[in-house]
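Under my numbering, think of the first position of the sequence shown as 1, with each following residue one higher.
Backbone N, C-alpha and C fix where the C-beta goes; we use that ideal spot for every residue, glycine too.
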Amino acid sequence: MKEVKSAIRRALDKRDRGILFQLDANSRKPYAAIAKELGISKAAVGYRVNRLVKKGIIKGFFFGG
């Protein structure tokens with residue numbers, strides 16, 4: 001399992017990790033707000049989130065109550 005986690009870390013760049021950090025803190029945070037904090041476009045955030053979902057790194061979004 002440790003090898004899998006380190007392989008995932010290597011596959012993610014700084015921006016991917018930033019997006020995951022932001023979504024982990026608040027999965028309802030708008031892409032525009034994430035983009036502003038990371039200094040990238042809203043479209044880039046959307047593209048990266050979709051890519052992370054397709055790769056299975058993001059399994060779903062939880063909206064706590």
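Straight-line gap, residue i to residue j (C-alpha atoms, nearest Å)
{"i": "residue 55", "j": "residue 13", "result": "14 Å"}
{"i": "residue 18", "j": "residue 38", "result": "7 Å"}
{"i": "residue 57", "j": "residue 10", "result": "13 Å"}
{"i": "residue 29", "j": "residue 23", "result": "7 Å"}
{"i": "residue 34", "j": "residue 47", "result": "13 Å"}
{"i": "residue 60", "j": "residue 41", "result": "22 Å"}
{"i": "residue 27", "j": "residue 62", "result": "7 Å"}
{"i": "residue 43", "j": "residue 52", "result": "14 Å"}
Of the listed residues the options, nearest to residue i (C-alpha basis)
{"i": "residue 31", "options": "60, 45, 25, 53", "result": "45"}
With 16 other Cβ atoms within 10 Å as the buried cut-off, status of residue i
{"i": "residue 25", "result": "exposed"}
Residues near residue i in its chain [Cβ-Cβ closer than 6 Å; skip 5 each side]
{"i": "residue 49", "result": "none"}
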